[in-house]
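Taking UniProt numbering as reference, the numbering of the sequence shown is continuous, increasing by one, and the terminal residue is 186. Note sheet for the following structure.
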Amino acid sequence: MLTRDEALSLMHEWTPSERLRIHALGVARVMEDLARRLGQDPEVYGVAGLLHDADYDRWPEEHPARIVAWLEARGEAELARAIAAHATVRTGVRAESLLERALVASDEVTGFVTACALVRPQRTEGLEPRSIRKKMKTPAFAAGVDREELIEGFRRLAELIGGTEDEHFQRVVDVLHAHRAELGLA
1 MLTRDEALSL MHEWTPSERL RIHALGVARV MEDLARRLGQ DPEVYGVAGL LHDADYDRWP
61 EEHPARIVAW LEARGEAELA RAIAAHATVR TGVRAESLLE RALVASDEVT GFVTACALVR
121 PQRTEGLEPR SIRKKMKTPA FAAGVDREEL IEGFRRLAEL IGGTEDEHFQ RVVDVLHAHR
181 AELGLA
(Lines of atoms letter the chains of each structure in order from A and count residues from 1; the text may use other names and numbers.)
(Lines give C-alpha, C1' and ligand atoms only; values in the text may rest on other atoms or scores of the structure.)
Protein backbone atom coordinates (compact mmCIF):
# COMPACT_ATOMS: atom_id res chain seq x y z
CA MET A 1 0.00 0.00 0.00
CA LEU A 2 1.27 3.40 -1.01
CA THR A 3 1.77 5.50 2.14
CA ARG A 4 0.70 9.09 2.64
CA ASP A 5 4.36 10.13 2.85
CA GLU A 6 5.15 8.44 -0.47
CA ALA A 7 2.10 10.03 -2.09
CA LEU A 8 3.03 13.45 -0.70
CA SER A 9 6.55 13.08 -2.05
CA LEU A 10 5.29 12.10 -5.52
CA MET A 11 2.73 14.89 -5.52
CA HIS A 12 5.50 17.41 -4.75
CA GLU A 13 7.76 15.89 -7.42
CA TRP A 14 5.10 15.97 -10.14
CA THR A 15 3.25 19.15 -9.11
CA PRO A 16 5.33 22.33 -9.35
CA SER A 17 2.36 24.66 -8.79
CA GLU A 18 1.90 25.69 -5.16
CA ARG A 19 -1.78 26.38 -5.88
CA LEU A 20 -2.38 22.84 -7.11
CA ARG A 21 -0.37 21.38 -4.22
CA ILE A 22 -2.58 23.22 -1.74
CA HIS A 23 -5.68 22.01 -3.59
CA ALA A 24 -4.43 18.41 -3.36
CA LEU A 25 -3.76 18.82 0.38
CA GLY A 26 -7.24 20.25 0.87
CA VAL A 27 -8.90 17.40 -1.01
CA ALA A 28 -6.80 14.91 0.97
CA ARG A 29 -7.95 16.45 4.28
CA VAL A 30 -11.60 16.42 3.18
CA MET A 31 -11.25 12.79 2.06
CA GLU A 32 -9.54 11.73 5.32
CA ASP A 33 -12.35 13.32 7.33
CA LEU A 34 -14.99 11.55 5.27
CA ALA A 35 -13.18 8.21 5.64
CA ARG A 36 -13.11 8.57 9.44
CA ARG A 37 -16.83 9.40 9.51
CA LEU A 38 -17.64 6.37 7.37
CA GLY A 39 -15.35 3.88 9.09
CA GLN A 40 -13.02 3.69 6.08
CA ASP A 41 -9.21 3.93 5.94
CA PRO A 42 -8.23 7.63 6.11
CA GLU A 43 -4.79 6.87 4.63
CA VAL A 44 -6.27 5.36 1.45
CA TYR A 45 -8.74 8.21 1.08
CA GLY A 46 -6.06 10.81 1.79
CA VAL A 47 -3.68 9.31 -0.76
CA ALA A 48 -6.44 9.45 -3.39
CA GLY A 49 -6.91 13.13 -2.57
CA LEU A 50 -3.20 13.88 -2.68
CA LEU A 51 -2.66 12.22 -6.04
CA HIS A 52 -5.88 12.91 -7.94
CA ASP A 53 -4.35 15.84 -9.89
CA ALA A 54 -0.65 14.93 -9.51
CA ASP A 55 -0.05 14.81 -13.28
CA TYR A 56 -2.12 17.88 -14.18
CA ASP A 57 0.62 20.54 -14.01
CA ARG A 58 3.18 18.71 -16.12
CA TRP A 59 0.91 16.79 -18.49
CA PRO A 60 -2.50 18.53 -18.60
CA GLU A 61 -3.44 16.96 -21.95
CA GLU A 62 -2.84 13.48 -20.53
CA HIS A 63 -4.44 14.02 -17.10
CA PRO A 64 -5.16 11.67 -15.30
CA ALA A 65 -3.61 8.96 -17.52
CA ARG A 66 -0.06 9.41 -16.17
CA ILE A 67 -0.92 9.07 -12.49
CA VAL A 68 -3.38 6.25 -13.21
CA ALA A 69 -0.69 4.31 -15.14
CA TRP A 70 1.85 4.97 -12.37
CA LEU A 71 -0.55 3.62 -9.73
CA GLU A 72 -1.50 0.60 -11.83
CA ALA A 73 2.18 -0.26 -12.33
CA ARG A 74 2.54 -0.28 -8.52
CA GLY A 75 -0.45 -2.59 -8.11
CA GLU A 76 -2.66 0.18 -6.69
CA ALA A 77 -5.76 -0.68 -8.74
CA GLU A 78 -8.28 0.77 -6.26
CA LEU A 79 -6.52 4.15 -6.17
CA ALA A 80 -5.97 4.14 -9.93
CA ARG A 81 -9.65 3.52 -10.59
CA ALA A 82 -10.75 6.20 -8.11
CA ILE A 83 -8.52 8.77 -9.79
CA ALA A 84 -9.66 7.70 -13.26
CA ALA A 85 -13.28 8.04 -12.08
CA HIS A 86 -12.75 11.63 -10.97
CA ALA A 87 -12.22 12.48 -14.66
CA THR A 88 -15.05 10.46 -16.22
CA VAL A 89 -15.29 12.64 -19.32
CA ARG A 90 -11.64 11.90 -20.21
CA THR A 91 -11.43 8.30 -19.00
CA GLY A 92 -14.92 6.88 -19.42
CA VAL A 93 -14.65 5.44 -15.88
CA ARG A 94 -17.76 6.19 -13.84
CA ALA A 95 -17.48 6.53 -10.06
CA GLU A 96 -19.16 3.54 -8.45
CA SER A 97 -17.42 2.59 -5.19
CA LEU A 98 -17.56 4.67 -2.04
CA LEU A 99 -13.92 5.77 -2.50
CA GLU A 100 -14.57 6.78 -6.11
CA ARG A 101 -17.73 8.71 -5.27
CA ALA A 102 -16.03 10.35 -2.28
CA LEU A 103 -13.22 11.65 -4.51
CA VAL A 104 -15.62 13.03 -7.10
CA ALA A 105 -17.71 14.63 -4.33
CA SER A 106 -14.64 16.13 -2.64
CA ASP A 107 -12.61 17.51 -5.54
CA GLU A 108 -14.67 20.33 -7.05
CA VAL A 109 -16.33 21.32 -3.77
CA THR A 110 -12.97 21.68 -2.01
CA GLY A 111 -11.75 24.00 -4.76
CA PHE A 112 -14.97 26.00 -4.69
CA VAL A 113 -15.12 26.37 -0.91
CA THR A 114 -11.45 27.40 -0.91
CA ALA A 115 -12.22 30.07 -3.52
CA CYS A 116 -15.16 31.28 -1.39
CA ALA A 117 -12.89 31.51 1.66
CA LEU A 118 -10.11 33.36 -0.16
CA VAL A 119 -12.37 36.33 -1.02
CA ARG A 120 -13.39 36.80 2.63
CA PRO A 121 -11.21 38.65 5.16
CA GLN A 122 -12.08 36.06 7.82
CA ARG A 123 -11.53 33.18 5.32
CA THR A 124 -13.29 30.00 6.57
CA GLU A 125 -14.34 31.53 9.89
CA GLY A 126 -18.14 31.85 9.75
CA LEU A 127 -18.42 30.72 6.13
CA GLU A 128 -21.90 29.25 5.76
CA PRO A 129 -23.48 26.94 3.18
CA ARG A 130 -25.93 29.65 2.08
CA SER A 131 -22.97 31.88 1.13
CA ILE A 132 -21.46 29.03 -0.87
CA ARG A 133 -24.76 28.38 -2.66
CA LYS A 134 -25.04 32.09 -3.47
CA LYS A 135 -21.54 32.12 -5.00
CA MET A 136 -22.41 29.04 -7.05
CA LYS A 137 -25.04 31.13 -8.87
CA THR A 138 -22.34 33.53 -10.09
CA PRO A 139 -20.79 31.87 -13.16
CA ALA A 140 -17.80 34.24 -13.25
CA PHE A 141 -16.82 33.35 -9.68
CA ALA A 142 -14.34 30.44 -9.62
CA ALA A 143 -15.25 29.85 -13.26
CA GLY A 144 -12.95 26.83 -13.48
CA VAL A 145 -15.12 24.89 -11.05
CA ASP A 146 -17.68 22.73 -12.80
CA ARG A 147 -20.90 23.36 -10.85
CA GLU A 148 -22.69 20.45 -12.48
CA GLU A 149 -19.90 18.06 -11.51
CA LEU A 150 -19.89 19.48 -7.98
CA ILE A 151 -23.64 18.90 -7.52
CA GLU A 152 -23.65 15.53 -9.31
CA GLY A 153 -20.67 14.35 -7.23
CA PHE A 154 -22.47 15.20 -4.02
CA ARG A 155 -25.72 13.62 -5.25
CA ARG A 156 -24.00 10.33 -6.09
CA LEU A 157 -22.18 10.26 -2.74
CA ALA A 158 -25.44 11.03 -0.92
CA GLU A 159 -27.02 7.98 -2.60
CA LEU A 160 -24.61 5.87 -0.54
CA ILE A 161 -24.26 7.83 2.71
CA GLY A 162 -27.20 10.23 2.90
CA GLY A 163 -26.95 13.82 4.05
CA THR A 164 -27.89 17.15 2.54
CA GLU A 165 -25.94 19.47 0.31
CA ASP A 166 -25.67 21.99 3.15
CA GLU A 167 -24.29 19.33 5.51
CA HIS A 168 -21.68 18.43 2.89
CA PHE A 169 -20.73 22.09 2.39
CA GLN A 170 -20.48 22.64 6.14
CA ARG A 171 -18.29 19.57 6.64
CA VAL A 172 -15.90 20.78 3.93
CA VAL A 173 -15.78 24.26 5.50
CA ASP A 174 -15.09 22.71 8.92
CA VAL A 175 -12.27 20.53 7.57
CA LEU A 176 -10.64 23.39 5.68
CA HIS A 177 -10.98 25.60 8.74
CA ALA A 178 -9.34 22.96 10.96
CA HIS A 179 -6.39 22.84 8.53
CA ARG A 180 -6.41 26.53 7.58
CA ALA A 181 -2.73 27.17 8.37
CA GLU A 182 -1.57 24.24 6.21
CA LEU A 183 -3.88 25.34 3.38
CA GLY A 184 -3.03 29.03 3.34
CA LEU A 185 -6.42 30.01 4.75
CA ALA A 186 -5.26 31.46 8.08
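Glycine is no exception: its CB is placed at the ideal position from the N, C-alpha and C atoms. These numbers come from a predicted model, not from an experiment.
Item	Value
8 Å Cβ cutoff met for Arg180 and Thr124	yes
Residue ranges of each alpha helix (DSSP H) within the region 65-138, 4 or longer	65-73, 77-85, 88-91, 98-118 and 129-136
Alpha-carbon to alpha-carbon, Leu8 and Arg90	24 Å
Option in Ala35, Met31, Leu185 and Asp41 with minimal Cα separation from Ala115	Leu185
Contact set for Ala82: own chain, Cβ-Cβ below 6 Å, skip 5 residues either direction	Ala48, Leu99, Glu100 and Leu103
Own chain, CB closer than 6 Å to Pro129, minus 5 neighbours either side, in chain order	Asp166, Phe169 and Gln170
Alpha carbon of Ala95 to alpha carbon of Glu61, nearest angstrom	21 Å
Buried or exposed (CB count within 10 angstroms, at least 16 for buried), Pro64	buried
Proximal residues to Leu34 (C-beta, below 6 Å), its chain only, five neighbours per side dropped	Ala102
Through-space distance from Phe141 to Met11, alpha-carbon basis	27 Å
Contact set for Asp41: own chain, Cβ-Cβ below 7 Å, skip 5 residues either direction	Ala35
Helix, strand or coil at Ser9 according to DSSP, with G and I counted as helix	helix
Contact set for Tyr45: own chain, Cβ-Cβ below 7 Å, skip 5 residues either direction	Met31, Glu32, Leu34, Ala35, Leu99 and Ala102
Whole-angstrom distance between Leu38 and Arg29, CA atom to CA atom	14 Å
Inter-residue CB distance, Ala80 and Val68 (contact presumed, cutoff 8 Å)	5 Å
Distance between Ala84 and Thr110 (C-alpha atoms, nearest Å)	18 Å
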